[in-house]
Each structure stands twice: as structure tokens, then as C-alpha cells.
Amino acid sequence: MIRATLSVTAAVVLLAACGERPQVLEYKQGTYQGKPDTPAYSNAPFNGNKGEWEKALATRNQNQNEYKRIR
Amino acid sequence: MARMKFLCDAERCIECNGCVTACKQEHEIPWGVNRRRVVTINDGVPGERSISVACMHCSDAPCMAVCPVDCFYKTEEGIVLHDKDLCIGCGYCFYACPFGAPQFPQLGAFGVRGKMDKCTFCSGGPEKDMSKAEFEKYGRNRLAEGKLPACAEMCSTKALLAGDGDVLADIYRERVVTRGKGGEVWGWATAYSRPDGAKSGAAPAPGGAPPPAPGSKS
Chain A
1 MIRATLSVTA AVVLLAACGE RPQVLEYKQG TYQGKPDTPA YSNAPFNGNK GEWEKALATR
61 NQNQNEYKRI R
Chain B
72 MARMKFLCDA ERCIECNGCV TACKQEHEIP WGVNRRRVVT INDGVPGERS ISVACMHCSD
132 APCMAVCPVD CFYKTEEGIV LHDKDLCIGC GYCFYACPFG APQFPQLGAF GVRGKMDKCT
192 FCSGGPEKDM SKAEFEKYGR NRLAEGKLPA CAEMCSTKAL LAGDGDVLAD IYRERVVTRG
252 KGGEVWGWAT AYSRPDGAKS GAAPAPGGAP PPAPGSKS
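Residue numbers (the working numbering), protein chains in the order written: chain A, 1 to 71; chain B, 72 to 289.
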């Protein structure tokens, strides 16, 4: 009888943790509440010409590679 | 569309703080605010390394996730910006950021916490491009002028690179392959080797080290 009681008590203690739920918060990305912003190429000097703007940045990007600059 | 990123080559950075100065000068940043700073690891010990750190414009930015007023947004180029008119200066973003990028101006004698200020990748904020209001709140908008961030463009050793992440990875890979070392800091195998081994010309050596330089004895 004592053995059975001890076994049941031990089982209850050991299995108690199985019912625990994770207590870590789940972060959810919020939605922006501020003022709208325009794309960088929308004003002068590019006036909405996205291709020209990307080309200008790509050229400057490659200027950082001196292996290309000195060849 | 390009995904804008910064990359600092620790083998080239000479801790001159030129990037910090360029940033402060370009945006007329007040005392006590450092959008960019140079961090030195093992300072004074032979083999010390320095890297320039600012907002890394995270793909999954923790500052955006924790902001209680949702004042952060991301441009189509992947630049993380915020609206200072909405910011309440609570400082949650500072605790969430692993790089310590958000800065809080200390206004007045009692150190009242101001609106958060951080690196904008020189692309201003939610005001009319290149307007006075934009400059006063967020600094100069170099991206709208077709230029890259001032810190990277004036870096004398070209340790600090800015621009399209894929192009930066190509530039960095070429450097590491040419000099045969220095890719370990950022994890060559994880970040800069292509699965097909294209362009680099050689596959990375086992253990994550970059391949030896052409002509080098090993």
C-alpha cells in the first residue's frame, strides 16, 4: 500500500512538468503608425526615374572595390 | 531591388574614427549622440581588431518588434527608419538592439531623454526629401541624391562598405580570396561562400577558413 502511494506520488511529481506551458512572449511585428515616406528616387534629381537612381548607386557601390578601380 | 547593408572589414579598419567624424559632420549630430562608433576588440593586445558599428538595418529588426507606438518602418531597400514625431523616447528599442544603435539626446541639465536618434543609412526619414525639416530631424538624405552613406564613401582604407548586400559580399569575397585571410571574423563559410562556388573561383577550405591566395605557399 505504501509502495503504491509512493509510486503514485512520484508519478504525479514527475509528470507535473509536462503540463507546463512556455512562458516566453511571442513578439509580433507591429504596423507602422507614422507619416508615409516617399521613395528616395521620387524627387529631383531623379524625378521618379528608379532605373537611373539604381544605376547611380550601383556605380558608387563599385567605386568601393579598388580591385575594379585600378584595373 | 537592392537590400542595403553595411559591412566592415576588420583586416582593414585602422580605428581612425573617420567614419564617426564623417557621420557627425554630415548630419550635424549634437554632442552625446553617436550614430556610428568604432569598437576595438582586444585593445592593446597584438592582433587587436576594430570594426565600425552603427544600425545594421536588420532584416528582422528587434527595435521594430518592441516599439510600443510602432514608429519604425522599412523602406523597399530594407533600410530601417523611424518617425520622430511619433517616438515617445521610451528606450525599449535601445534595450532590444544588439548593436546599441538607438541613441537618446540628453536635453537640458537634468538629462531629459529626447526622441530616439539612429543611423538612417543617410536616407533621411518621413519628411519631404531634402527639406529643412528632414535635415533637422534625421540628417542629410544622400540616398535621394544618388549617393551612398558618407561614412563608407569617405573611409580611407575602404574597410567600411555600404550598399547592396550582394555586391558588398562579392567585393569582400574578392578581397579575402586575393589576400588569403581575414574572412574568419564574419564567418566565411556561412556568409560569403556561394553554394555553387561561382565567382569566388575556389571553394572555401574546410573549417570555415577562406581559400589560400593565388600563388601563396601553404
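All C-beta atoms, glycine included, are put in the ideal place defined by N, C-alpha and C.
Rounded to whole angstroms, the separation of the alpha carbons of B:D141 and B:D200 is 22 Å. Its chain contains V124, A125, C126, M127 as the residues whose beta carbon lies nearer than 8 Å to that of B:F170, once the 5 sequence neighbours on both sides are disregarded; these appear in chain order. Within the same chain, L232 come within 7 Å of B:I242 by CB-CB distance, once the 5 residues on both sides are set aside.
For B:K76, the closest C-alpha among the options B:S227, B:L239, B:G251, B:C164 is that of B:L239. Taking 8 Å as the cut-off, the beta carbon of B:A93 is found closer than this to the beta carbon of B:A221. Secondary structure note for B:C94: it is in no beta strand (DSSP E), and the uninterrupted alpha helix (DSSP H) holding it is 89–98. Note on the stretch 171–250 of chain B: whole beta strand (DSSP E) runs with a minimum of 3 residues are 231–235, in chain order. Only those residues of the stretch 236–251 of chain B whose C-beta falls short of 9 Å from the nearest C-beta of chain A are listed: V238, L239, D241, I242, E245, R246, T249. Between the C-alpha atoms of B:H98 and A:C18 there is a straight-line separation of about 56 Å.
The beta carbon of B:I159 sits closer than 7 Å to the beta carbons of V140 from its chain, once the five residues preceding and following it are set aside; these are given in chain order. Every beta strand (DSSP E) stretch that sits fully inside the stretch 141–167 of chain B and reaches 3 residues is listed by chain position as 143–145, 151–153. Residue contact check for B:Y144 against chain A: a CB pair falls below 8 Å.
Look at B:P176: its C-beta is not under 8 Å from any C-beta on chain A.
Identification of chain B residues near A:G48 by a Cβ-Cβ cut-off of 9 Å yields none; the smallest Cβ-Cβ distance measures about 12 Å. For A:P39, the nearest CB of chain B lies under 8 Å from its own CB, placing it at the interface with that chain. Within 10 angstroms of the beta-carbon of B:K203 lie fewer than 16 other beta-carbons, which makes it exposed.
In this structure, B:G217 and A:W53 form a Cβ contact; the two beta carbons are roughly 6 Å apart against a cut-off of 8 Å. Chain-order list of chain B residues neighbouring A:P36: P197, by C-beta distance under 7 Å. Collapsing the DSSP output to three states places B:C126 in coil. In the displayed model, B:M75 falls within a strand according to three-state DSSP.
Assigned with DSSP and collapsed to three states, B:R108 falls in strand. Rounded to the nearest whole angstrom, the C-alpha separation of B:G162 and A:V8 is 51 Å. Each residue's CA atom was taken as its position, placing A:K50 and A:Y41 some 6 Å apart. The alpha-carbon separation between A:A58 and A:Q23 amounts to approximately 47 Å.
For B:S121, the secondary structure class from DSSP, reduced to helix, strand or coil, is strand. A Cβ-Cβ contact shorter than 8 Å links B:L219 with A:R60. Using a Cβ-Cβ cut-off of 8 Å, B:V140 is close to Q33 of chain A, given in chain order.
Burial check for A:P45: the Cβ neighbour count within 10 Å stays below 16, so the residue is exposed.
Listed in chain order, the positions of the stretch 143–174 of chain B with a beta carbon within less than 8 Å of a beta carbon of chain A are F143, Y144, T146, E147, E148, L152, H153, D154, D156, L157. By the Cβ criterion, the stretch 103–122 of chain B is not in contact with the stretch 142–151 of chain B, since fewer than three pairs of Cβ atoms, one from each stretch, lie closer than 8 Å.
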